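Sequences listed follow chains A, B and C, in order. All residue numbers for the first sequence refer to my numbering, where the first residue is 1 and numbers rise by one. All residue numbers for the second sequence refer to my numbering, where the first residue is 1 and numbers rise by one. All residue numbers for the third sequence refer to my numbering, where the first residue is 1 and numbers rise by one. Report on the following structure.
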Amino acid sequence: MKPPRFHYRDPATVEETVAILAEHGDDAKVLAGGQSLMPMLSMRLAYPEQLVDINRVAELEGITAHDGGVRIGALTRHSAAEHSEIVARACPLITTGMPWIGHRAIRNRGTIGGSLAHADPAAELPAIMTALDATAIATSAGGRREIPLGEFFEMPLVSVLGSDELLTEILVPGQPAGEGSALVELARRQGDFAVAGVAATLTLTGDGAIGRARMVAFSVAPVPVRLTGPEQILAGADPAGDAVEEAAQAASREISPTSDLHGTADYRRSVTVELVKRAVAHAAADARARAEGGAR
Amino acid sequence: MATPAFEDNKLVGARIRRREDPRFLQGRGRYVDDLRHRGLLHLAFVRSEVAHAAVRSVDVSAARAVPGVVGAYAAADLARLVKPIRAVSHGPGYQVADTPVLATDRVRYVGEPLAAVVAESRYEAEDGAEAVVVDSEPLPAVTTMEQALADGAPAIHDAIAGNLFNHFELQAGDTDAAFAAADFVYEAEYRAGRVAPVALEPRAVIAEWDPTTEELTVWASHQAPHLLRTGLSEYLTVPESRIRVISPDVGGGFGSKLILYVEDLAVAAVARLTGSPVKWVADRREDLLTAMHGREQTHTVQAAVREDGRVLGLRVKIMASNGAYAIWPMTAGLDSGQASENVTGPYDIPHYDRDVSAVVTNKTPMGPYRGVGRPMACFTIERTMDEIAARLGLEPLEVRRRNVIRSYPHQTAAGLVLESGSSAEALDDMEKLLDVGRFRAEQAELRERGVYRGVGVAAVVEHSALGTQEVARKGIDIGLGLESAIVRAEPDGHLTAIVGTHSHGQGHETTFAQVVADEFGLPLERVTVRFGDTAVVPYGLGTWASRSLVYAGGAAILAARDVRDKALEIAAHELEASPADLEMVGGEILVKGSPSKKLSFADVARIAIHKPQRLPEEIEPGLESTRRYRAPDPGSFSNSLHGVVVEVDVKTGEVRLLRYVVIEDCGTIVNPLIVDGQVHGGTAQGIGQALLEEVAYDESGQPLTTTFMDYLIPGFNEVPRMEIHHLSSPSPHSIGGFKGMGEGGAINPPAAIANAVTDALRPFGVRVDHVPIARDWIVRSVDAARDRAGAAGAGA
Amino acid sequence: MTDVRSTPVADPTLSRAVSVTANGRRYERTVPTRKTLADFIREDLGLTGTHLGCEHGVCGACTVRLDGEIVRSCLMLAVQCDGRTLQTIEGVAPGPDELSVVQEAFWEKHGLQCGFCTPGMVLTATDLLQRTPHPTEAEVREAMGGNLCRCTGYQFIVDAVLHAAEAGAGDGAAEEAT
């Protein structure tokens, strides 16, 4: 289980990187944190002619406050985002979700951009960023383009990034003050990829009803699924009321799970109902806690 | 000379931390892959990617052109040096088929080696392996036992009729009469999935051939170095005296490193062809594909039951899916055979008919994984006990109480004689530990709120250290019923104990030192334990079948007593006293009653070795003994009872283990710390089998679990804290009262957890009849039960 | 072993000189660019306490610290560590005849059997206690959850980590982190 031969390139700037990508196209593969690509290389499931290691590209790393939200460099490590106060203030769903990603040794190397570009339907981060209406910035020799996360994923392990494009940063709008966040998932073991999961945010109005809910189901379709129907059902509803069951049932109709070793399609559909309910409960509890915290 | 028994055994029984640990903690362990050889070549195998195919050709020529590659070999290239493996059994109805070292005209499972490539690095060897071209024509794959036994099924081996390694029937007692006397008959079919042993260190072999001496040295991650040497000798046709097998630190075995593998032979043959040392270390994919699997069995049980819960007789049909080849030397008969011998568990069930088959399938060969057949035997009888209890409205522990063996020795229906035990006491203790009465009240209350908890128990009698005749009775062609030890006093009075077993986590460097030191009343530090090198160690059979303490401990104690007796004789001569008037206390030999007349043990050793002129004619110089020991038949029987409390989330199928209680009786305990560690580790493996682990295949025989992302062993958050309680029924016939216990923990958990989950789901009538218990199976079964129960809802 | 100084300049996309400081000692080696950090540590630095249990980032046996942070050395390339600082299991003890508090606790509590997963366990536990000197059992299990053991059933490892915490393994240890 050893990587095949490749030409190792380690550019120092985005400019150099996209030049290499422009030259080699599909023959090049970007190595970011390596937590998914390295196993694929070692198992010889990937044979890039050019392995383009972006770990020296310092401009890709870092978290800054941006327009009420955050701007996260693609090479930012999961653990940096997990422990970032800027992130915790502006986008607490990210902070909430991070511990679900692998284990600490993985998060010390894994990158935010890498997790998105890898487009694993069972991964947490694509769902989190989709729920937060984040925007990916892709850079190529020809310039930059903005891609809403909701349009970023095409199919398992495939994003809309062109072979000449590098995911350089992610812009995440800030969550409104007091918005609750939750990430719930079922994995067969702690730290494993989810068999099914839901990332959610919701605001509560003064009378305790749900204002706006955002929900994304993952590992239950080829790409993360924005649960727009359930979101509409939940808007204005009592977070402990019958609408939650209705939303959860609706969620099970918006997903398109498939069967694999870790769970059948029917199982994924059935537990998504339960996970939506848990997500609403957790996010509502979080919102209430934040409201109390804010009142202090 | 008669040996006075030592009264004050201060090391045996002590909770002593292990002497081997500092090297492991500092990263100074030496596993095979850590060894350095000048000119080492690295080998990679080309393996079959299909389960069953006719091989037309294997073309290795392109591999030879790959940079770094030194050689590439197909079957014909090795044929001159190595013969196919033939695992012979003398058991009833056994059919033998050969295992080719590299496949020739057929492949029979995914992972079967077809070619070998050696290169200057493993990276380059894998590059070369990718360049090998295999031309084959797929044949229909036989992946289930039903397919294998169906009329017109493709024959996997020409030499084996009906795809059966064996099939036999045995009757004990008068089962027909038992069934005629029964008030009811309980019937069920139970299944256990296939699992992988998963030692964390994958298999590893380095072979070096010296053409000048015609000697082969093999470093192997192996549980039984002499057994490996015998296998290498037989199939490489090199005399055993010219093969040295060194098994250094070994990163876990669990049975998977006990047998002879074709890779071992191929590596040795390639080393001979290249004249360089050659290393092969299985990567995780190879290890999951080719290290023997375990457990896959189906049992069909019929129990004749009286109204009071007594089980009068059993009829059990046992089938194991043994995969494509029989393993050497244990053969394909072991797993189903062991299951069939142990189905009656700790219960007095005198009438027992069995129908036993070992089935050939296009899967990885199956072998003796920790527990060997008995987890399924336990599952069958323990699930049966619980269902009898449910039918009669009795507590499961009560039904067991009505059937449990209460007096010893007890001969089971399968003919095993249990020498001592505490299975009955354990039932009473468990009832208190689990506080079953209170649990039932809570359970009922929680059910009202939609919370489903259950309690389950499973009892095991662990047939450890299979006796000398008993191992022979298994039909294995190689006598496995002896063990050897040398105990040697060095001139400075330190002792070296050399044993034919092998420690790969079991702590023998500590426990055997405890055992030997106590024979002399010497401190632990005075004894050094060595093993794992056939050039140093007398022929031994290694560590498996929970045999080490009984077998090697027995041999070591016999040797230690010889040395001790001889030391007393020498001291008697020096002190001009009779040996009978001497005593050995704290490393000194004293004349009883006149304590000023004494010698230290070191003085005696020095005289024996460095001052032979002072010895009388009749005493041979030196102070050491080599002893061989045949363990008492049929073996030593430990017993254990596991109790588990679970909570099942019927919406998601999650099973949480809220409590896990183990009552263990392995007779005399040498080191409680190590015993508890063995219980923990075995139980964790059993929990894995119950809830997570399964080697899955698709219908074409393609394995789906070839990485640690698919084959899931339990982690920190999947294994609960365990509460261990000890009982002690020393063996009356093993030396020291020892009983083996290394496998035990792994046997009970599938049954205990299945019982607990069934108990939790009793309101739905969902019965667990298989492991692993998948979450989606639970959800599906509960949903189906609810549908059946109609709109009212079974669980309300 | 290839001597760096005498090697003609080769294609730097295929092989490269790498300079690392491991356990306080500086090493310079030339390696193929495809070589993993784990293989580099074991073969080129001779530090064989770093073990390969799966080579795809699941088991944790190859855990080392890179610039003070735990990483899986099978999921990095050696060339990515040029100029960086490593700590492997061989560099955990304060001296050759001594054990760290964490190592001592593993010994005391029987937190190891075959020893193969142990280096990764010790490094992960050491890292945990330096960040969280007094974890709960649940925190220990969560933090150690990425390391697999097949022998111990984990209980005595958990006990060892809790014992090490009581013995002060993580107290004022921030300066030891690298």
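Backbone N, C-alpha and C define an ideal beta-carbon position, used for all residues, glycine too. As the structure is a prediction and not an experimental result, all values here were calculated from the model.
What three-state label does DSSP hand B:Thr808 in the structure shown? A question about residue 808 of chain B goes unanswered here, because the residues of chain B that appear run from 1 up to 796.
Along chain B, which residues have their Cβ under 7 Å away from the Cβ of A:Arg188? Leu692, Leu712
Please work out which residues of its chain come closer than 7 Å, Cβ to Cβ, to C:Val158, disregarding the five sequence neighbours upstream and downstream, and give them in chain order. Glu137, Val140, Arg141
With respect to the alpha helix (DSSP H) encompassing B:Thr380, which residues constitute its N-terminal and C-terminal limits? 374-392
Chain-ordered residues of the segment 190-203 of chain B with a beta carbon less than 7 Å from chain C: Val198, Ala199, Leu200, Glu201
Proximity below 9 Å, CB of C:Leu52 to CB of C:Cys62: yes
Helix or strand or just coil, what does DSSP make of A:Gly263? strand
What did DSSP end up calling B:Gln95 once you bin it into helix, strand or coil? coil
Extent of the continuous beta strand (DSSP E) run through B:Asn639: 636-648
Assuming contact is defined by CB atoms lying nearer than 9 Å, are B:Ile381 and B:Thr344 in contact in what I supplied? yes
Between B:Ile687 and B:Val662, which are expected to be in contact by the criterion C-beta below 8 Å, what is the C-beta distance as a whole number of angstroms? Not a contact, Cβ separation roughly 12 Å.
Against chain B, with Cβ distances strictly below 9 Å, would A:Pro39 count as a contact? yes
Closer than 9 Å at the beta carbon, the chain B residues around C:Gln103: Asp21, Pro22, Leu25, Gln26
For B:Ala181, which three-state DSSP category applies? helix
Where does B:Pro368 sit, in a helix, a strand or coil, going by DSSP? coil
With A:Gly113 and A:Ile170 assumed to form a contact (beta carbons below 8 Å), what rounded beta-carbon distance in angstroms separates them? 7 Å
Against chain A, with Cβ distances strictly below 9 Å, would C:Ile70 count as a contact? yes
Considering C:Glu28, what are the terminal residues of the beta strand (DSSP E) in which it resides? 25-32
Step through the CB atoms of chain A and report whether any lies within less than 9 Å of the CB of C:Gln80. yes
Would you please state the rounded distance, in angstroms, between the beta carbons of B:Leu334 and B:Val372? I believe it to be under 8 Å. 6 Å
Thinking B:Phe165 and B:Ala326 are a contact (beta carbons under 8 Å), I'd like their distance in whole angstroms, please. 6 Å
Using the Cβ count rule (16 or more neighbours within 10 Å means buried), how would you classify B:Arg272? buried
Can you confirm whether the segment 140-147 of chain A touches the segment 68-82 of chain A when touching is taken to mean that 3 or more C-beta pairs between the two stretches lie within less than 8 Å? no
To the nearest angstrom, report how far apart B:Glu214 and B:Arg242 are at their CA atoms. 7 Å
How many Å lie between A:Ile106 and A:Met38 at the Cα? 12 Å
C-alpha distance - B:Asp776 paired with C:Gly172, whole-angstrom precision: 47 Å
Strand pairing of B:Val356, partner residues [DSSP]: B:Phe168, B:Ile318
Pairs of beta-carbons, one from the segment 771-786 of chain B and one from the segment 683-697 of chain B, closer than 8 Å: are there three or more? yes
Where do the ends of the alpha helix (DSSP H) carrying A:Pro3 lie? No alpha helix (DSSP H) contains A:Pro3, which DSSP labels as neither H nor E.
Residues in its own chain within less than 7 Å of B:Thr496 by CB, not counting five upstream and five downstream? Arg488, Glu490, Thr528, Arg530
Would C:His110 pass as a contact of B:Ile259 if the rule is Cβ separation under 9 Å? no
Check distances from the C-beta atoms of the segment 704-733 of chain B to those of chain A and list, in chain order, the residues that come in under 8 Å. Leu704, Thr705, Thr707, Met709, Asp710, Leu712, Pro714, Gly715, Phe716, Asn717, Glu718
Can you list, in chain order, the residues of its chain with a C-beta nearer than 7 Å to that of B:Glu624? Leave out the 5 residues immediately preceding and following it. Ile486, Val487, Arg488, Ala489, Val563
Count the CB pairs spanning the segment 409-419 of chain B and the segment 434-442 of chain B that are closer than 8 Å, and state whether there are at least three. no
When the distance is taken between beta carbons, is C:Thr36 closer than 9 Å to C:Leu75? yes
Skipping 5 residues on each side, what residues in its chain have a beta carbon closer than 8 Å to that of B:Arg659? Leu434, Gly643, Val644, Val645, Pro720, Glu723
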